[in-house]
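Peer 1:
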Ligand code: SF4
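Numbering (the working numbering), first residue to last: 175 to 397.
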């Protein structure tokens, strides 16, 4: 029974992962992935993309950022939330990359975690999307979806959530779980008001506050 439920969840999450992976390049250049992940912190996809596009239209490596004034950097990444703090972190981080890593982004998680502005999620995004290391970055959607479905304990923190999910899915599937849950979370299992009335996982979901009332104009197609 548990296996059936997990297989159903696995199938849907992987389908949504395919949808997202078609929109984004799955593996990117490490420096770009790292800066993109910092810009994405507490920021929506569209605003992250806008800030990253502005920035990478004028820079291509850490030295470019070191040589740029902080105000110019702030203006370029302004579409992203918390741009002042992010600018400071990005500046410091670039100095460390040049000083300690010849301008490259380290691969080891513990080294990534020592960089300014890099927490568990950002480090895991770099591991997965820059270096192809199979892991599951736990962003807000991964956390909410996995807890509502009952895959992870409600009060689990980041490392427990990641480890639990990495035990549930197999090594081949793990690289697509983040993108699958993000896409599913943005389309169906919305943070504030999940669309349970059209959710393909309603029958197996453990969430006890399901939203079963579609708005009058709502499409009932999940994708
Ligand atoms: S039934 Fe509702 S809460 Fe459960 S996964 Fe689907 S949308 Fe999310």
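Think of the CB as a built atom: it goes at the ideal place given N, C-alpha and C, for glycine as much as any other residue.
Tell me which residues pass a beta-carbon proximity test against the ligand SF4: closer than 7 angstroms to any heavy atom, given in chain order.
Peer 2: Residues with a Cβ closer than 7 angstroms to any heavy atom of the ligand SF4, in chain order: 319, 322, 323, 362, 363, 368, 369, 370, 373, 375, 376, 379, 381, 384, 385.
Peer 1: With three or more beta-carbon pairs closer than 8 angstroms as the criterion, would you say the stretch 266-282 touches the stretch 309-316?
Peer 2: Output reads no: the stretch 309-316 does not touch the stretch 266-282.
Peer 1: Rounding to the nearest angstrom, what Cα-Cα distance links residue 267 and residue 318 in this structure?
Peer 2: Along the chain shown, read from residue 1 onward, the residue named residue 267 stands at position 93. Along the chain shown, read from residue 1 onward, the residue named residue 318 stands at position 144. Each residue's Cα considered, the two are about 30 angstroms apart.
Peer 1: If you reduce the DSSP assignment to three classes, tell me which class residue 370 lands in.
Peer 2: The sequence position of residue 370 within the chain shown is 196, counting from 1. In the structure shown, residue 370 sits in a helix (DSSP, three-state: H, G or I).
Peer 1: Label residue 214 either buried or exposed according to how many other C-beta atoms from any shown protein chain fall within 10 Å of its C-beta, with 16 as the threshold for buried.
Peer 2: As a working mapping, residue 214 is identified with position 40 in the chain shown. Burial call: buried.
Peer 1: Distance check for residue 243 and residue 347, CA to CA, integer angstroms please.
Peer 2: Mapped onto the chain shown, residue 347 falls at position 173. Mapped onto the chain shown, residue 243 falls at position 69. Spanning the two alpha carbons is a distance of roughly 43 angstroms.
Peer 1: Measure from the alpha carbon of residue 263 to the alpha carbon of each residue in 303, 360, 354, 288, then state which is nearest.
Peer 2: Working through the chain shown from its first residue, we reach residue 263 at position 89. If we check each option's Cα against that of residue 263, 288 comes out closest.
Peer 1: Leaving out five residues on either side along the sequence, give the residues of the same chain with a beta carbon under 7 angstroms from the beta carbon of residue 283.
Peer 2: Along the chain shown, read from residue 1 onward, the residue named residue 283 stands at position 109. Correct list, in chain order: 297, 301.
Peer 1: Which complete alpha helix (DSSP H) runs does the stretch 261-324 hold, if anything under 4 residues is left out?
Peer 2: Complete alpha helix (DSSP H) runs here, min 4: 283-286, 294-303, 314-323.
Peer 1: Let me confirm a value: residue 328 is counted as buried when at least 16 other C-beta atoms fall within 10 Å, else exposed. Which label applies?
Peer 2: Here residue 328 refers to the residue found at position 154 of the chain shown. Under this definition residue 328 is an exposed residue.
Peer 1: Alpha carbon to alpha carbon, how far is residue 237 from residue 338? Give it in angstroms, no decimals.
Peer 2: On the chain shown, residue 338 is found 164 positions in, with the first residue counted as 1. On the chain shown, residue 237 is found 63 positions in, with the first residue counted as 1. The straight-line gap from Cα to Cα measures roughly 39 angstroms.
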